[in-house]
Structures are given as structure tokens and as C-alpha cells.
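Peer 1: Protein chains in written order, with our numbering: chain A, -10 to 443; chain B, -10 to 443; chain C, -10 to 443. Every residue, glycine too, gets a C-beta built ideally from N, C-alpha and C. None of the values given here were measured: they were computed from a predicted structure.
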Amino acid sequence: MVFFTEITFIEADSLFNQAIADSIHLTNIALSKSALEIEALKKAVADSTFRTNNLWMMIASALVFIMHLGFATLESGLTRAKNTTNVLFKNTVIPGIGLLTFALCGFGLMYPGFAVGTSMDFFGFSGFGLHEPINGNTRQYNIGYTYWTDFLFQGMFAATCATIVSGAVAERIKLNTFLIFSVVFVALVYPIIGSWKWGGGWLNTIGFHDFAGSTLVHSVGGWAALAGVILVGPRLGKYNSSSRITPITGHSMTSAVIGTFMLWLGWYGFNGGSVLSADPGAVSLVLVTTTLAAAAGGVTASLTIYVLSKKYDLSMVLNGILSGLVAITAGADLMNPLDAVLIGSIAGILVVFSVILFDKLKLDDPVGALSVHLVCGIWGTVAVGIFGSKAGIDQVFTQLTGIFAAGVAAFAMSAVIFGTLKKIMGLRIQEDDELMGLDYKEHGMEAYANFNLK
Amino acid sequence: MVFFTEITFIEADSLFNQAIADSIHLTNIALSKSALEIEALKKAVADSTFRTNNLWMMIASALVFIMHLGFATLESGLTRAKNTTNVLFKNTVIPGIGLLTFALCGFGLMYPGFAVGTSMDFFGFSGFGLHEPINGNTRQYNIGYTYWTDFLFQGMFAATCATIVSGAVAERIKLNTFLIFSVVFVALVYPIIGSWKWGGGWLNTIGFHDFAGSTLVHSVGGWAALAGVILVGPRLGKYNSSSRITPITGHSMTSAVIGTFMLWLGWYGFNGGSVLSADPGAVSLVLVTTTLAAAAGGVTASLTIYVLSKKYDLSMVLNGILSGLVAITAGADLMNPLDAVLIGSIAGILVVFSVILFDKLKLDDPVGALSVHLVCGIWGTVAVGIFGSKAGIDQVFTQLTGIFAAGVAAFAMSAVIFGTLKKIMGLRIQEDDELMGLDYKEHGMEAYANFNLK
Amino acid sequence: MVFFTEITFIEADSLFNQAIADSIHLTNIALSKSALEIEALKKAVADSTFRTNNLWMMIASALVFIMHLGFATLESGLTRAKNTTNVLFKNTVIPGIGLLTFALCGFGLMYPGFAVGTSMDFFGFSGFGLHEPINGNTRQYNIGYTYWTDFLFQGMFAATCATIVSGAVAERIKLNTFLIFSVVFVALVYPIIGSWKWGGGWLNTIGFHDFAGSTLVHSVGGWAALAGVILVGPRLGKYNSSSRITPITGHSMTSAVIGTFMLWLGWYGFNGGSVLSADPGAVSLVLVTTTLAAAAGGVTASLTIYVLSKKYDLSMVLNGILSGLVAITAGADLMNPLDAVLIGSIAGILVVFSVILFDKLKLDDPVGALSVHLVCGIWGTVAVGIFGSKAGIDQVFTQLTGIFAAGVAAFAMSAVIFGTLKKIMGLRIQEDDELMGLDYKEHGMEAYANFNLK
């Protein structure tokens, strides 16, 4: 273990022998001390670096946490005031439910500890609850973060995935039904699909690249939202028998803007934390590509809707920013600034046409969650094969494999859950309750009861 | 100071002597250089670790700062729009007043530098203003943070304590009276009681455990709020002569939700920063216990109120989350995840019954501050003796001693201050001003003057 | 390169010779190994420190980013609901435009790489786009942050400068005109003036001190705002032919308070990040001076307006806080706590009289941007010569030189841009559109369309 060579005593006249031996002995002692000091320093430096890494991962977790406020205000802002308490309630209680559920079993399903090299793994489970691994150095889980930080970061991620669904089915779904869906979704659907890549499963083995979850978080959430939207049906009055679409605008653009900024801010943790350490070059590049994609998405969405309507539709800008963020998420670590601008720009254009298309298909999505998370989640995942350091036709096919597999699984499982709940307890509130607003029926309180000053 | 043994010259024939002596001499030089380098490295590693520690403490301070926005929006959201400017004003100006007051004398009272081993210390003062301690390395205060960071973190804490009071007495207290109360409270009451534990005083000596202030911040603020609520009386129309309670709902659940998320986010600094370094294992465990308690509190409060009323009362969920956060604060460093879930769950149930009880007692608390901060602050402090690594009957009694001592002191001092101010300048605004709203009387402006679009 | 002395072989009898030689040889090997280890450790410690520095700079960038939400909510809160979508749109899309423009050419103009020692440089350009400097260690740009982090931090700064203008010209400027102004301003005006100091140009050479931009960001933005306010004229109904001023109050003090807190929070990154590393003493001192100046500005503005009007005007408190923040920005690194309190206190008084004065001059500034950013930006820059470690009459003159030069340049260039755009496409929307609100004309949507519950 000591790094220096033991100096051996050689045969010689005793006096000089002794002198040399003493000299060697004392030198050895000094070198040995020095070696121990150096070993201790190596450990101390590694600990210091670990401390910084773990600090970033904890801060990234807090940033992902604040995305839940982003979803709460974005979704409530883009829906009507009579349903505001309901939308806020869902987005406040889902992080709580999601974190508890993920602690109970999601974490164990998502990180089952697949053996390296075993391919095509679809399912594994490392146990219920949180159990800090104990060995020599109790708490150091890996070079980037502790066990607790790992749970915190992953738990915050899991809860965002359920939240994506809530916006798409807002203003008409039964609250109890949705809460049960969320529990099952975070407990099973999200972590099992996620384990295929991030848990070391078969998608990881085949080289599928999804840096921070354009597919595993956003399109998975988007597919579940699509299943919900189809099964719950459009809001009353949105699509009449004629081909006329009645726009239903939100109640507060202020809330929607607060929500978008909180999501953008939180994405610095979502993508930046996905480096899994505070590596200076890697994290800062990811933050730059994330930023430029968001900026580009916002700008191209503004211009696209302006060209189409001669109006600067603010909600399109917000969705443009979010679409850029969703799209860069799969390859934020692989792109240079220009790639990021292009990926975000295309996402900003895509989202506008996608919103129009879903309305033509009479798929009623009050907040544009399908266009942002599903469509741009797919786009961003494909873009990994088109732009950046992994671009190539083989990668495109690998990406499509991952998109397809995750999509089929997420849509099918969500449809089964929503379908089962529809039979057992119903998906949709009664017509008069929908007209009155969910706040009255489900919560017995208006969001702005004493808003009028008199 | 040098770490290697000086190799001594031994008697020998001159030539070989000289050879050995030269060898030893040169080896000594090399070892000496190496030793100096190693000493320098030790210092550099310690500095690097200190840099990370201090960074976390600065960020934690910023997180505690944002709790003030949390209080501002939570309290204004849960009160009526005619008093919104007033509530916002108080919560905006109190951090400023609090920080200046704490800089002037609170900091010196809270950290008087009790000598270690001297027990039963109740009071000390290390002087007015901020004076960076000067010695060899001027700025390094201790291993976790600089002197300036220390003040920043503690100053942000102090200001939160005063803010707790503001919500409970909202919608009827005179602004000038409340501002003077706040100055005295942050200057004297909070720091003197706080010094008993965190300043190294008698509560610390007897083994009272209050990690981040369930008692020293939350219940102390709660006791002051109780004194205020009793002395100022309920809002007009809340409790009529019959036993009927008229609920007075808030004006914006959006504001209240923003506030709750900001408080939850800020709590990561409040509890996580109370580790007083960026220790990876300790801080990340604290963040996990804090998160799980908040989640559990929100969920059990939702279920409790749903069982009682068949409605999902959003304001109860918000208070449930906050009650979980307050309760875990005393022992966030001692609990495992299951303990944290249990402590938060009980807090979420407690807060619902407590809100109902205070209303029965005709103690009018518009935002539920007494239930959240006083009741769950006490619960969390007791829980340190029931759950986690310090559990034990002796600890329960020690905890109760601290709760009782801090409670008596906080309530008595607050009652004296409020009582004195009542005599001198009055606590309560005139009846017609209360009906009109404090915004008109005190501020000459409505919060939403040009809200109507035409 | 090796740090130890090579021990030379000396002539001696062969046996002992060999023994000594072997001893020396093996000692040399051990020392050589040790030396290599020590070199590696030095690098590792430097990397660890760099990691922490870069982490802080990335977090500071995120904090500056959130200032854009601050501007969005502050400015929309202080203006009427009929223009809310418009104000929010500008403040949401400007960060995006600003970041893309700064990436394209602003960054190259601001940091042209002036040779050290060449004085009186007014202009330079290091090229379009982002190009990570490549050498031995590819990504490490300097001791404080990577190339990417540098761009991120500076890009976030640049965008804030354009945003300052938007508030002053709100509620009557044409959106397309303003967007084009913003592009040119961030592409040319801000970076060229900024390069005089931060790019190593002539203001840096003469010793002008502007730590984080009281002049280079705030008063430059303020001068541009002044040019805009003069050229676009006051809002309809603000100044009638008589000398009577009709106050036009905002639509949501809740938004304005959220905005102020977000700006205060973001300022911790704005000033704290301007240390350009995570230096514990320097950053924490800056955070304390920033905090105390904000607190003092809020308190003195409250008292000043209370003395003048017997009402606690909340919007004045908010502007007081911001004025304290703007004023401390130039010398946050040079002041002790008392200096900071004095600088902030004076700013808080100044801002109140300034708001009144601009109204007397019929310069209509809906949000007080001129008083906060221009007046207090100048005050803070002058204060560097009055308070703190650089105080002195020479420094006052140097500061005035910088203020004057930046002011003339910013005002002249902005007036030319606004003037040119006025001729080409017009600055101001039509009278009936202004009365109807910009939201309808420019965006085709109300901010609170479905706010009424029925």
C-alpha cells in the first residue's frame, strides 16, 4: 500500500553499515510519513470534490422541485378561474403523493441494479422504501452524490412526469380518479419505463440516448396525457357538432408567465443535474444549450404565430419556450450552441402547428401539454440522431426504437389504468358540475372568493 | 512543525562519512521541500472545502430570504383583497426592518459568546453592529462559513420569526403599532430566547435539541402571535354573539399556493443550512426528511379534511405542508425517512383539528399561523424525544423544558410589548376603517386598482 | 520540473559506494514518486476549487435569469390590466432575444480581448458566435468559470439592461418597434459601452470602478429609457393641459411584490456573481452589503413617503428596495455594513423625490425605472468615491467621467435608434388602441379573460 520502495540493508562493515542503515531507516520513516500524508490528502481532495458535486445535485433537486410551482401556475393560468382551486390542488398535492410513492416503491423499480452487461432487461426491483447502502464509507453513494441526494433528485423528477398529465385532462376529470391514477403512474409506469434506460436496462444496452428525459419523462408523460385526453373527452362547449372550434382562454396570463419562468429556472436543475456531478465543462455546456434552445423556441413560436395571425399570442410564446426546453432535454450534453438554437427553433415552430392540429383532431388539451411534452419530446429525442456528437442514421433508428417502445408502454399502461378507473369510479364529473366549475363541487371554495374589494 | 525526523550525522571515516552526510543532507532538503508542499496542500484542501461549505451557507441564506416572499403571498392570498396592500407591505418591509435591527443588536444578543461549560446562561451581549473578527486569516470565521455569511443566514432567520406574527393579526392591527412591535421583537425577544440554545446558553447545556427552530423560531413566533391575537381580538363579523362562526375566505388561492411553494423551497435553506456546512451526508439526509415530512403533512391534511367535510380544502393542504415542515424542523438531522413521514403525517392531522379548535376558542387567526407554527412547532420539538436517534423519556422531558421556557418567555414578553403599545398608541384600527379595508386607510391605495380591464 | 535535488554519486570504495548509491537511488525513486503525487494533488485541489467557483457562477447566472421574472411581474403589476399581456410578452421574449443576440455578436463586442496596458480603447470585436477556446485543458477558461458559464452569466446581464427600458415606455409603445430597438440595443449599445470597463477598455484604464454595473447596466438602461420616454411621450390622460397630474395606478400589487422579491433574490447573483469566483470572504461581504442596502432603501423610502403623505405607499417601498440595490451595485465589494446602509438609505430617499420630480417634468415613467435605475445608478457610482475603501476626491472625478461618458453614449445611441425607428415604422400605437389597451391590438388576448367566475 505504501508507494515507495523499501530500501534494503546491504552487507558491509558494521560501522558504515550502521550509518547507512540508520540513514536508510530514518529516510524510510520520513518517506512513510510523507506517503501517509499524501494518501490522506488524496482522500481529502476527493471528499472536497464530492462535497461540491453533491451540493450541485442537491441544488438541482431544489430547482426541479420548483418546477411543480411552475406547472401549478402555468396550468391554472391557462384554464378558467372556476377551476383554479382544482388545478392548484392537483399540482400541490401530486408532488407530495409522487415523492411518497417513489420512496415506497418507484425508486426501487427505477434503479433495480441491473448487472452491467446483461442486456434486454425490462424489469427489476431492488426493494421497498429507502435503505442507505452501508459499507466502509457509509454515506458516499458514488462520486457525484449521496444516496439521499439521489433519491431526492430522482423523486422530484418522478413527480414532474405525473404533473404533465394533469394539465391535459384539466377542467373535467374527477379529482379522486386522477389522484389514484397519479399514484399508480408514479409507482409503476414511470419507473419501469425509466429503468429501461436510466436503471441500466435494455434501452441503455442498445445505445439509446436520452440525457435528461425528452422521452423518459416528457413523452412518457405526454403519452399518458394522450390516453387521458381520449378517454375523458373534450370540455363542454369546446367542439360543437359543427366544425367550429370555440377557443377557451385562460384566466391569468400573469400566472402562466410565472409558471413558465419557474419551469425554465427549474430546467437548469433538470438538465444541469442530469450530468450527475458538478463537472464544470459538462454542466455549463448543458446550461448554455438549455438556455439557447428555450430562447430560440420562444422566438420562433412568436414569429410563427405572428405570421399566421398577425398577433403576438403570449400563450404560444410560453409554449414555444417550453417546447425548446423539452426538445433540448434529450441531447443537451451533446450539442454545440448552434445545434441547440436549431433544435429549439424547430420545436418552437412545431409546437404552434401541433396545437392547431390537436384542436383539428378534437383532442382537447387546455394547456398544450401534448404539443409541448409529447410532440417536442419525440422531436428532441430524434434530434439526438440528427445534430450533435452522436448524429448518424444508426442513432436515429436507435432513438426511434426508444421512442416507440416507451410510447407503446406508456400509452398502453395509462389507457389500462384510466380505462379501469373509468369503469370502477368514472373519469368525468357531471355536466352541471363542469359548468359550475370543479372548485365548487370538489373543493367547496372559489379561488378568488374575496377578490372584489367590497 | 516539520513532520519528518531530522537524520543525524554519525561518526565515521571522513570520506564515507562525507558521502553519507551529503546523501542525508540532500535527502533532508528534498524531504523538507516535500513537507512544505504537503503543508501547503493541506491548507489548500481545507480552503477548498471551506469554499464549498460557505457557498452552501450563502445559498441557504438566499433560500431563507425567499421565504419572505412565501409569507407575503401566503398571508395575502388567505386574506381579503381590501387588505392585500397592507399584508404585502408588512411582509415586504419586515425583512428590511428585521435585517437592520438584527445587524444593530440582535446578532450580538443571540451569539454573545457564552464560555463553554458555563451553564444556566440566560443573557449575554457581544456588542452592537457587525465587526468582522480579525486574526491571522482575517475572514475565516469557522469551518463552515465566514462572519458575513453567518450574519446573513442568522439575519434572514430572525426576520422570519417576526413575519409569523403578522399573519395571525392581519386585517385589523394598526400598521405603525405592528412595525414597532416587530422592531422590538427582532431586537430583543427572538435573539435572547434563541441565545439560550444556539448562542450556547442554558438550554444547550441541558441537552435540549432544536435543530433548526421548531421551538426557537416557529413556536416563539407562534406564542407572540397568540399574545397578539388575544390582545387585538377577532376581525369584525367573524364571531357573532351566537356560537356561529362565519368563515372569511381569502382572496387568491393562486397567491397562497405560490407562497406555500416558496416556503417549502426556502425550507431547504432553513433546515439544510442549519447543518452549518455542506456536509454531504448530513445535508442531504436533512433535505430528504424535510421533503418527506412536507409531503406527508400535505397528504394527511388533505385526507383529514376530506373525511371531515367530503371536500378537498386547498387551504388545509397548504397548511398541512407547512405543518409538516415546521414539525420536522426540530429533528430533521436525527430522523430516518419513516420517522419523517410519521412526524409530518401527524402534523398534517393535528393542523386540521387545531384550526377548528382555535376557531371554537374564538381566537381569530386568518392564516392559521397558530396551528402551523405554534402547535406543530411544539409537536415537532416533542417528536425529537419520540422518534429518531435521540428518542427517550429523558429527552422528552428536556424537550418539554425547552418548549415551556421558550413559550413562557415569548408569550410574556410579547404580551408586555403588545400591551404597552395598546396603551400608548392602540393596537386596532377603527371599525369603519376595518370595514373599508386597511389598504385605503393605511396606504391610500388598492392592491388591484386597475384590474378591471375597462 | 522535479522539485527535489538529484543526489549525486560520490567516489568511494566499491562496496560502500554501492550501498550508498543504492540507498540514494531508491530514495530518489521514492522522492520522485512523491513529487509526482504532490504535483497531481496540486492540480486536483485547483480543479476542486475551480469546480466550486464555477458552480457559484452558474448559480449566479440562474439567479440573474430569475430577475427577468422579477421585471415581468413588477412592470405588469405597476401598469393597467388592459396592457398586462403586452408587458408580460415583452419581458418574456426579451430575455430570449437578448440571449440569442448576445451569443451572435454582443459577447464578442463586450469582451474583445483588449491587450492589457493599451489604454483609451473604445471598440473591439472578437468575432461572431460562441467559440470555446481550445488549448491544453480545453474547457477551463480562467480560475473562476468555464467559457460557457462566462457567456451564460454575461448574457443574462445583457438581457436585463434591455428590460429596464421596457418598463419606462410601457402602455403606449408599438411592440414591433420596441422589439427591434431591443435587438440593436443588446447587440451594440450595451456591449460597446460595457467593453470600456469590463472588456478592459479606457474606463478600466483610468480606474473607473463599477463593480456590478450601477452605471454599465442600470444607468445605461436608464439613459436609453429616458430617450424612449422623451420620444414616445406620456400616456394619454396622464398630464392634462392644466398642471394637474393624474396618477395611473397599477393593476396588481401582488405581482409588483413578487417582482421585487424576485429582483432582490436575483441581485444576489448579479452582485455576488460579479466577484467572478466563489471567494468566501469577498462574495459573502458583497451579499451582506447588497442585503443591507436593499433593506435600508426600503425603510427610508417608506418613511420618506409617510412623512410626505401620511400614507405608506407600497409602490414606493418596492422602488426604495430596488433603488438601494441599484445604488450598492457599483461598490458592493468596497463597502462595510455601515457604508452600505448609508448608500441604501440615501437611495431610498432619492427615489421618492425623483419619482415626484420626473412627474413634474412630465416625463411619464409608469414603473419608476428612471428614478430607480438612472438616478440611483448615478448615485451609487458616485458613492464609490464617497464611501468605502476607494473613497477620495480623485475617485469622485473618475466616477463622474465614467457616468458622463456612458450616459452620453447610451442616451445618444438610444435616441438615434428610437428616432430612426420612429421615422420608419412609428414609436407609438394609435390613440384608440391605447385607450382599448395594447393587449387587444397587439396580442388579440386579454390577460384575465376568464377571470370572472361565471
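(1) In chain order, what residues of the same chain have a beta carbon less than 7 Å from the beta carbon of C:ILE247, not counting five sequence neighbours either side?
(2) Short of 8 Å Cβ to Cβ, which residues in the region 290 to 316 of chain A face chain C?
(3) Using a cut-off of 9 Å between C-beta atoms, extract the partners of B:GLY381 located in chain A.
(4) How far does the alpha helix (DSSP H) with C:ASP322 in it extend, from its first residue to its last?
(5) With 9 Å set as the bound, which would you pick, yes or no: does the beta-carbon of C:PRO84 sit closer than that to a beta-carbon of chain A?
(6) At the 9 Å Cβ level, is C:THR138 part of the contact set with chain A, yes or no?
(7) Based on the DSSP output, what are the partners of A:ILE162 in its beta bridges?
(8) Looking at the structure shown, is A:ILE444 part of a helix, part of a strand, or coil, going by DSSP?
(9) Starting from C:THR93 and walking both ways along the alpha helix (DSSP H), at which residues does that stretch end?
(10) Strictly below 7 Å CB to CB, what residues from chain A border C:ASN43?
(11) What are the residues that DSSP puts in a beta bridge with C:TYR228?
(12) Can you find the residues in the same chain that come closer than 6 Å, C-beta to C-beta, to C:MET47, ignoring five residues on each side of it along the sequence?
(13) Below 8 Å, can you find three or more Cβ-Cβ pairs linking the region 138 to 151 of chain A to the region 173 to 193 of chain A?
(14) According to a CB-to-CB cut-off of less than 8 Å, which residues of the region 6 to 31 of chain B neighbour chain C?
(15) If you drop the 5 nearest sequence neighbours on each side, which residues of the same chain put their C-beta closer than 8 Å to that of B:TYR429?
(16) From which residue to which residue does the alpha helix (DSSP H) around C:MET251 run?
(17) Strictly under 9 Å for the Cβ-Cβ distance: is A:VAL344 near chain C by that measure?
(18) Tell me whether A:HIS198 sits in a helix, a strand or coil according to DSSP, three-state version.
(19) Short check: CB of C:THR318 to CB of C:MET305, under 9 Å?
(20) Quick one: is A:ARG233 near chain C, going by C-beta distance under 9 Å?
(21) Where does A:LYS79 land, buried or exposed, given buried means 16+ other C-beta within 10 angstroms?
(22) Taking 9 Å as the cut-off, decide whether the C-beta atoms of C:ILE382 and C:GLY374 are in contact.
(23) Counting only the same chain and skipping the five closest in sequence on each side, list residues whose C-beta sits under 6 Å from that of C:ILE9.
(24) C:TYR437: buried (16+ other C-beta within 10 angstroms of its C-beta) or exposed?
(25) In chain order, what residues of the same chain have a beta carbon less than 6 Å from the beta carbon of B:GLY87, not counting five sequence neighbours either side?
(26) Using 9 Å as the limit for Cβ to Cβ distance, is B:ASP422 near chain C?
(27) Please list the partners that B:VAL34 has in chain C, where partner means a Cβ-to-Cβ separation under 7 Å.
(28) Please identify the residue among B:ALA19, B:LYS300, B:ALA404 whose C-alpha is closest to the C-alpha of A:LEU164.
(29) Can you check whether the CB of C:GLY85 is closer than 9 Å to the CB of A:ALA24?
(30) Can you pull the chain A neighbours of C:ASN439, defined as C-beta to C-beta under 7 Å?
(31) Would you say the beta carbon of A:ASN441 is closer than 8 Å to some non-hydrogen atom of the ligand SAH?
(32) If the criterion is Cβ atoms closer than 9 Å, does the pair A:GLY156 and A:VAL356 meet it?
(33) C:VAL53 to C:TYR257, Cα distance in whole Å?
(34) DSSP state of A:PHE112, grouped into three classes?
(35) How should C:PHE37 be labelled, buried or exposed, when 16 other C-beta atoms within 10 angstroms of its C-beta is the threshold for buried?
Peer 2: Straight from the coordinates:
(1) THR62
(2) SER291, SER298, LYS300, TYR301, ASP302, LEU303, SER304, VAL306, LEU307, ILE310
(3) The premise fails here: B:GLY381 is roughly 23 Å from chain A at the closest Cβ pair, so nothing lies under 9 Å.
(4) Looking at the DSSP string, C:ASP322 is not in any alpha helix (DSSP H), and its letter there is neither H nor E.
(5) yes
(6) yes
(7) A:ARG417
(8) Because residue 444 of chain A is not part of the residues shown, which for chain A are -10 to 443, the question remains open.
(9) Here residue 93 of chain C is Leu; the residue named in the question, Thr, does not match the sequence. Counting along the chain, C:LEU93 falls outside any alpha helix (DSSP H), and DSSP gives it neither H nor E.
(10) PRO269, SER273
(11) C:ILE234
(12) THR138
(13) yes
(14) GLN7, ALA8, ILE9, ASP11, SER12, LEU15, THR16, ILE18, ALA19, LEU20, LYS22, SER23, GLU26, ILE27, LEU30
(15) LYS71, ASP422, GLU435
(16) 242 to 261
(17) no
(18) coil
(19) no
(20) no
(21) buried
(22) yes
(23) none
(24) buried
(25) ALA147, ALA148, ALA151, VAL175
(26) no
(27) VAL34
(28) B:LYS300
(29) no
(30) ARG69, ALA70, THR238, GLY239, HIS240
(31) This structure does not include the ligand SAH; it has no bound ligands of any sort.
(32) yes
(33) 8 Å
(34) coil
(35) The amino acid occupying residue 37 of chain C in the given sequence is Ser; Phe does not appear at that position. It counts as buried.
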